[in-house]
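**Q**
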Amino acid sequence: MTAFEMWSRLGSVMAGLMFVWAMFKDYFPPQLRSHVEAYARKAVDQVHPYVQIKFAEFAGERLERCETFTAIQNYLSGSASAKAKRLKAESVKDSKSLVLSMDENEEVVDEFEGVKLWWSSKPVLSQKPTFSLFSSAEDRRFYTLTFHWSHRELITGSYIEHVLEKGKAVAADNRQRKLFTNNPSSNWGHYKGTKWSHVLFKHPSTFDTLAMEPSKKKEIVNDLLRFQRAKEYYERIGKAWKRGYLLYGPPGTGKSTMIAAMANFLNYDVYDLELTTVKDNTELRKLLIDTSEKSIIVIEDIDCSLDLTGQRKTKKQEKEDDEEKADPVKKMMKGEEESKESKVTLSGLLNFIDGLWSACGGERIIVFTTNFVEKLDPALIRRGRMDKHIKMSYCCFESFKVLARNYLGVESHPLFARVRLLLKETEMTPADVADNLMPKLDDEDEDACLEGLVEALEKAKEDARKKSEEEAKAAAAEAEATAARAMAEEEAQQASSVEKQENGGRGCAKEVKENGVL
């Protein structure tokens, strides 16, 4: 048989098979056709050693985009961009860059623990014209994973879990970080009403630009890294994966800048919680549940947010409460005023930090800031709730060098020695130092800025000296006044004692005289 005859016969066989297939699809009843296809598939599976798993793009009753599909897409973006010949660029929600994925009917090869497997992307198009606000169940994409049946346990267990974890990590690295603030509960029920509003978080602060002692900065960075990598550790010891930081110190020492640096370092979202807009403890719990993982929950100036100082009522307040109980009208008027205020209690906030509800989600950091740490209730800031206390102090020379590099671009200068000496002798916040280093005019150079800082430090030193002298004088005057009052009281007591003695003597003389007359 010649090659021409062989190809002719093969063409005839193929044409016959195509004719039979067309007749089968067009004229066989659907019920019978489905049975034939099922048995044919079983027959092929007996000799086909490969297993396939499909991952649909949409799932659920409303056919929302499946998180598993998105994670696989992110995982394959690296392999697809390196190996696939036909790519598709997509803009994924909350991603700061385009995601490259395989185009339709494209295939890439992956390897896991020495096992070779194949990923392919295939669309399934609907044959029926339909109108719907949601994606059609018959018009969607699938990722198909193909592997040898002997590796079923490895792939369905470790490999798929590995893919999902890596995909979520890629999404976290590529996502646009956000700064959230809580909305009043009166807006939650509105159309598209949410508990949190957000903007893109674009604060430029980093630990490299943060004015702080290098040793303290390194300690904080290491603590954050340990927390970020400690998921298994927290599971092993039975604690929620969270950590509390208390930042305290005078105004202008960089507490808010520290929070921004932490968020940029960890690549976390920031939730700025305004307690005064939260009506009660129930709303506080709802806000906590609605926060995401990999986030920092911040309550700034917590000593000013609510009455969380732990102080008892004064006698005046107790007297006012007694008067309100006796006067129903006054009680009603105060009740109307209090209905507008927050009823979040210290107990509710403590449960928010480390109660049962704090375990809803993981990888969260809770940060409190305050200017007066001594005013806070000890139960609120104890270890276990606020795990790390960080004192944000006045500017030291090491902090000044960071600010000089940031604002002036200088590493050394003849005036540095004078600045070092003045910073040891006086207190100035990093914010004030930065304000003096910032050029006010276009022609101001580093010499002029540093000279201005030296003048400001010398003025602050002189003001502190005068204030100290005035306080000393006031203390001396107060001591003299106290001594004078004490002396006057002593003289008054002596005069009173003498008067009593004289009155007693006159009484005795009168009694003797009266007895003599008798």
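Going letter by letter, the sequence shown gives residues 1 to 518 in UniProt numbering. Glycine included, every Cβ here is placed at the ideal spot set by N, Cα and C.
1) Whole angstroms is fine: what's the gap from Thr-2's alpha carbon to Ser-8's?
2) Identify the residues that DSSP records as bridge partners of Tyr-245: which are they?
3) My guess is that Ile-365 and Ile-289 are in contact by the Cβ rule of under 8 Å, so how many angstroms apart are they, rounded?
4) The alpha helix (DSSP H) with residue 520 in it runs from where to where?
5) Tell me which residue opens and which closes the beta strand (DSSP E) that Phe-55 is part of.
6) Nearest by alpha-carbon distance to Phe-265: which of Lys-54, Glu-293, Gly-189, Asn-222 is it?
7) Is Arg-229 near the ligand ADP, in the sense that its beta carbon is under 7 Å from a heavy atom of that ligand?
8) Would you mind reading off the limits of the alpha helix (DSSP H) that contains Met-262?
9) Rounded to whole angstroms, what is the Cα-Cα separation between Glu-470 and Ser-185?
10) In the DSSP output, which residue or residues are listed as bridge partners for Leu-100?
11) When you compare each of Leu-275, Asp-280, Thr-291 to Cys-304 by their alpha carbons, which one comes out closest?
12) Per DSSP, residue 521 forms a beta bridge with which residues?
13) Looking at the strands, I want to know which residues DSSP matches up with Arg-141.
14) Comparing alpha-carbon positions, which option in Leu-87, Leu-98, Ile-160 lies nearest Phe-112?
15) Measure the Cβ-Cβ separation of Tyr-271 and Trp-188 and say whether it is below 8 Å.
16) Could you give the residue range of the alpha helix (DSSP H) that holds Asp-354?
17) Just verifying my parser: in three-state terms, what is the DSSP assignment at residue 522?
18) Assign Met-6 to buried or exposed, taking buried as 16 or more other Cβ atoms, counted over all protein chains shown, within 10 Å of its Cβ.
19) Any contact of the stretch 203-223 with the stretch 387-406, i.e. 3+ C-beta pairs under 8 Å?
20) When you compare the CB positions of Ala-84 and Phe-142, do they come within less than 8 Å of one another, or not?
21) Would you say Met-102 and Leu-117 are within 8 Å of each other, going by their C-beta atoms?
22) The beta strand (DSSP E) that contains Asp-377, what's its start and end?
23) Taking DSSP's pairing of strands, which residues face Trp-196 in a bridge?
24) Would you call the stretch 413-431 and the stretch 457-469 touching, i.e. three or more CB-CB distances under 8 Å?
25) Three-state secondary structure (DSSP) at Leu-117?
26) Using a threshold of 8 Å, state whether the C-beta atoms of Thr-369 and Lys-255 are closer than that.
27) Can you give me the C-alpha to C-alpha distance between Val-373 and Ala-479, rounded to a whole angstrom?
28) Given that a residue counts as buried once 16 or more other Cβ atoms are within 10 Å of its Cβ, and exposed if not, what is Gln-73?
**A** Checking against the coordinates, here is how it stands:
1) 10 Å
2) Val-367, Lys-388
3) No, Ile-365 and Ile-289 are not in contact; Cβ-Cβ is about 17 Å, not under 8 Å.
4) Residue 520 falls outside the range modelled here, since the chain spans only 1 to 518, and no answer is possible.
5) 50-56
6) Asn-222
7) No copy of the ligand ADP appears in this structure; indeed no ligand is present at all.
8) 255-266
9) 51 Å
10) Ala-89
11) Leu-275
12) Outside the modelled stretch of the chain, which goes from 1 to 518, sits residue 521, for which no answer is possible.
13) Pro-123
14) Ile-160
15) no
16) 346-354
17) Any answer about residue 522 is impossible in this case: the structure gives the chain only from 1 up to 518.
18) exposed
19) yes
20) no
21) no
22) Where Asp-377 is concerned, there is no enclosing beta strand (DSSP E), given that its DSSP letter is neither H nor E.
23) Asn-182
24) yes
25) strand
26) yes
27) 30 Å
28) buried
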